[in-house]
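Inspection log for the structure reproduced underneath, given as structure tokens.
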Amino acid sequence: MELIRRHLTDQKEPRSAAEISTALGKAHPKRDIAAKVVRVTLEGLVAKSQAERTKQGRSVFYSAPASEPALAPETQAQTEVADH
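For the sequence shown, the residue numbers in our numbering are 613 to 696.
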């Protein structure tokens with residue numbers, strides 16, 4: 613989930629789940645990143661307001677939220693531990 617969140621925040625424009633899956637696969641070749649898992653994770657992020665979904669015709673694109681929501685205290689603590 614964190615890989616996908618970070619990827620979205622690095623992007624300048626919305627990306628499809630397939631584009632995100634391909635980019636993460638190239639960036640992390642030793643990890644098996646399935647497109648379906650990426651899509652489900654993206655929908656989970658949208659449900660938690662940690663990503664935004666837009667539709668263009670039949671295509672769905674995802675992006676980081678316009679303003680990053682404040683992390684819950686336990687999530688923030690986990691992030692701080694992971695960064696050190």
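Cβ atoms here follow ideal geometry from the backbone N, Cα and C, with glycine treated the same way.
- Between Pro626 and Ser661, the C-beta gap is not smaller than 8 angstroms, which leaves the two residues out of contact.
- Taking 8 angstroms as the cut-off, the Cβ atoms of Ser633 and Ser671 do not count as close.
- Under the rule that a run must span 3 or more residues, the beta strand (DSSP E) segments found entirely inside the region 635-682 read 664-668, 671-675.
- Where Glu614 is concerned, the enclosing alpha helix (DSSP H) starts and stops at 614-622.
- Inter-residue distance for Gly669 and Pro677 is about 21 angstroms (C-alpha atoms, whole angstroms).
- By the Cβ-count criterion, His619 is buried, with 16 or more other Cβ atoms from all chains shown falling within 10 Å of its own Cβ.
- Each of Gln623, Ala630, Leu657, Ala639 was checked against the Cα of Ala646, and the nearest Cα belongs to Ala630.
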